[in-house]
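Below is one structure; the comments refer to it alone.
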Amino acid sequence: MDHGEPILWVKNDRDSHRVVSDQHGTRFESASGSAGRVIAGVFLLVLAILPISFSIYLLSGAEETDLPEVSDECWGYQVEIQVGANPPYCLETLGYSTIISLEVSEDQHIREEIQDREDDATTYVNTYRWEEVDSSIVYGFIWDGIYNCVRFIPEFNLEEDWTVASLDGPFSYPEWCDTDYIDEEERTFEEGAHPFDGVWMYDAYDIESMTEFLPRLKVEDNKETYEELVSKALVASNRADSLDGGATPSGMLCCSLPLGLVILFAADRRRKVFVIDRVNQRITRKRAGSWPSFGTTWSRVDFNSVQLVRSVRIKEHTSGCGEDGPTKHWTTSHPGVNLVLPMEQSIQTLFFFED
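If you use my numbering, the sequence shown closes out at 897, no skipped numbers anywhere.
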């Protein structure tokens, strides 16, 4: 019998998901967080700042008849800062995360229990690996069971008169990057201090972009701080563009505001949760926390008719092609249990729990 594709495929990891019942209702959610997801969200948030800030500027000056002089200063919510011998930047603090507990292992893994920034009642666990490579530190954030590596440069390895150009050069990531993460049960964690506590770590994943955007993070006093330094020249250029007579403010607003909002929605990297409402016979899939988000709702769910159906699902895989050799196809079998629910006039496989 074909049960259809599940909404969520839960892999064989008893600690990967959990059921939470509190004042917000009953939720089925992921039990682990991802620092990689946070980094991606911060990066997209930075991209959204400029068009949205530009739109706010256009709206605030829409009623003025005389154009003001072009300002070469940072925006009001930013602070001018000088790092090394680089041209000045405009600094903005993007956010904080509270670390509830921090543990380290002998093989340079760090495990943090972090309080969710959107929902104080929710916590998640970040586990990542680090290694020193020349004057850089590589963090291997675990995302989908793989080490996703990002290069950082600690401030203590930067000369007083350092420039972005001085960082450019060949760099090789450790061999363990992009490999499978070994389960935590194979290593011992003990409570300890972060190896780079109190140190600003500059994101050097893309050296060329650091002249305009310079993200950095710091762990100190059980708190992770995320900041973004934007080139002051770039901010001034955007201010000047806003006064360009080649386009009307309303025309520019029609472009900048939708673009900023689209990127802002994409920056929402909160975990997706399933909210179970037995009273109203609904299941809603949305982002975690109290902030609004786009979600999917299934109505008229008959919880009394839930079925647990065992089956074996087949996955198709492909590798090779081009320089990697001929294309290879193979399949893998995954036994497990389907959670099937009648919804309105259809049958939906909500979850598949792999053995």
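The beta carbon of each residue, even a glycine, is placed where N, CA and C say it ideally should be.
Rounded distance between the beta-carbons of residue j and residue i, thought under 8 Å
i: T730; j: S647; result: 6 Å
i: V675; j: F683; result: Actually they do not touch by this definition, with Cβ atoms about 16 Å apart.
i: S572; j: S563; result: Rounded, the Cβ-Cβ distance is 16 Å, inconsistent with contact.
i: I531; j: D722; result: Because the chain here runs from 543 to 897, residue 531 falls outside it and cannot be looked at.
i: I641; j: E766; result: 6 Å
Coarse secondary structure for residue i, derived from DSSP in three states
i: I598; result: helix
i: T753; result: helix
i: S558; result: coil
i: N846; result: helix
i: R820; result: coil
i: Q620; result: coil
i: V879; result: strand
i: P884; result: strand
i: T873; result: strand
i: K553; result: coil
i: N628; result: coil
i: G682; result: strand
i: E547; result: coil
i: E634; result: strand
i: E571; result: strand
i: E896; result: strand
Burial state of residue i, where buried means 16 or more other Cβ atoms lie within 10 Å
i: L850; result: exposed
i: N554; result: exposed
i: H651; result: buried
i: D745; result: buried
i: I889; result: exposed
i: D654; result: Reading off the sequence, residue 654 comes out as Glu, not Asp. Buried is the call here.
i: P757; result: buried
i: R911; result: No statement about residue 911 is possible, as the shown extent of the chain runs from 543 to 897 and does not include it.
i: G546; result: exposed
i: N846; result: exposed
i: R842; result: exposed
i: I656; result: buried
i: F698; result: exposed
i: S560; result: Here the sequence assigns Arg to residue 560, which means Ser is not the residue at that position. So R560 ends up on the exposed side.
i: K857; result: exposed
i: G740; result: exposed
Proximity test, Cβ basis, 8 Å: residue i and chain B
i: E615; result: Given the protein chain composition of this structure (a single chain), no chain B is represented.
Say whether the segment 769 to 777 touches the segment 626 to 634, bearing in mind that this needs 3 or more beta-carbon pairs closer than 8 Å, one atom from each stretch. yes
Write down every uninterrupted run of the beta strand (DSSP E) in the segment 697 to 783 whose length is 3 residues or greater and which is fully enclosed by it, in chain order. As far as the segment 697 to 783 is concerned, its whole beta strand (DSSP E) runs of at least 3 residues are 731 to 733, 743 to 745, 755 to 762 and 765 to 773.
Count the C-beta pairs between the segment 616 to 631 and the segment 709 to 719 that are closer than 8 Å, then say yes if the count reaches three, no if not. no
Go through the segment 638 to 680 residue by residue and report every complete run of the beta strand (DSSP E) that reaches 3 residues or more, in order. 651 to 657 and 665 to 675
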